[in-house]
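Q:
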Amino acid sequence: MRLAIADPPYPPLFRERFDLAGGGSRVTARSRATRWYGEGPRSKTDAPRADVHPEAAKWDDLSAHRELLLHLVENFDGWAIATTPDGLGAYHPLPMNAQIMAWERPTAMPGGGRLIERWEPVIVYIPVERRTRAGMRVSNVLVANAPSARGGRRSFVGAKPAEWTRWVLDALGYDPATDELVDLFPGSGAVSAAADGMLSLGGAE
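Residues are numbered in our numbering as their position in the sequence shown, beginning at 1, plus a constant of 175.
#1: Determine the extent of the beta strand (DSSP E) in which D345 is found, giving its start and end residues.
#2: Quick one: is the Cβ of L237 within less than 7 Å of any heavy atom of the ligand ATP?
#3: May I ask you to report which of helix, strand or coil DSSP gives R306?
#4: Write down the C-beta distance between M176 and D354 rounded to the nearest angstrom, noting that I regard them as a contact closer than 8 Å.
#5: Tell me which same chain residues have a C-beta within less than 6 Å of the C-beta of N272, skipping the five on either side of it?
#6: Which residue's Cα is closest to the Cα of P183: G198, E242, E191 and E249?
#7: Just mark R192 as buried or exposed, buried being the case when its beta carbon has 16 or more other beta carbons within 10 Å.
#8: In whole angstroms, give me the CA-to-CA distance for R312 and T203.
#9: Kindly give me the distance between the Cβ atoms of Y185 and T258, rounded to whole angstroms, as I take these residues to be in contact under 8 Å.
#10: Quick one: Cα of Y266 to Cα of R293, how far?
#11: Beta-carbon within less than 6 Å of S200's beta-carbon, same chain only, minus the 5 sequence neighbours each way: which residues are those?
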């Protein structure tokens, strides 16, 4: 099987603001891609960048995310895309049989809104031959904290813990003996480490 994990810069954050004269509204878009992966404006309190990508700005265009989805459908037997709750719309309509899993982060920090964002979706397309009940059963919810700087591993916005990688690989039925695994957006190196057998693989609780 040919499998892929895609953890691209997330789509921009769109918000409706009611700050025009007479109570009118406007839609604003805040880049996540250039803020965390490019040369966009940043706050002094921002976490470190994962990496600097010269083409980070292209991920502010929703069509880039759609093109990524089509690339995965055409070239891989199974795949996973990490995104945000508000970013799911960039990938719709999803292919039939694609599913959405949820990564819950118990210690996520509150933002500026009323709701505390403690989960991130993962769009998963399981290979046809691996969709039955035979073999390992995997929960569609993972509860795990985002990685910190402890243990010498650099933490950055969007970084995924080792548990996340094992969980996604288990959902895809990854077998290192027979499968080719492609990490389309290497960041922390967690995906390649798992593929090389450096991380123990196990079922999600």
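Cβ atoms here follow ideal geometry from the backbone N, Cα and C, with glycine treated the same way.
A: With the given structure in hand:
#1: As a first step, residue 345 is located in the sequence shown; it is residue number 170 there, counting from the start. Careful: D345 lies outside any beta strand (DSSP E), inside the alpha helix (DSSP H) at A337 to L347.
#2: Ligands displayed in this structure: none; no statement on the ligand ATP is therefore possible.
#3: Residue mapping note: residue 306 aligns to position 131 of the sequence shown, counting from 1. Three-state DSSP puts R306 in coil, outside helix and strand.
#4: As a position in the sequence shown, residue 176 is number 1, starting the count at 1. As a position in the sequence shown, residue 354 is number 179, starting the count at 1. Confirmed, Cβ separation roughly 5 Å.
#5: Position 97 of the sequence shown holds residue 272. Result list for N272: empty, nothing under 6 Å.
#6: To locate residue 183, count along the sequence shown from 1; it is residue 8. Closest by alpha carbon: E242.
#7: To locate residue 192, count along the sequence shown from 1; it is residue 17. Label assigned to R192: exposed.
#8: For the purposes of this step, residue 312 is taken as the residue at position 137 of the sequence shown. For the purposes of this step, residue 203 is taken as the residue at position 28 of the sequence shown. Rounded to the nearest angstrom, the two C-alpha atoms are 42 Å apart.
#9: Translated into the one-based positions of the sequence shown, residue 185 becomes position 10. Translated into the one-based positions of the sequence shown, residue 258 becomes position 83. About 6 Å; that satisfies the 8 Å criterion.
#10: The residue you call residue 266 lines up with position 91 of the sequence shown. The residue you call residue 293 lines up with position 118 of the sequence shown. About 21 Å.
#11: Position 25 of the sequence shown holds residue 200. So the list reads E191 and F193, once near-sequence residues are dropped.
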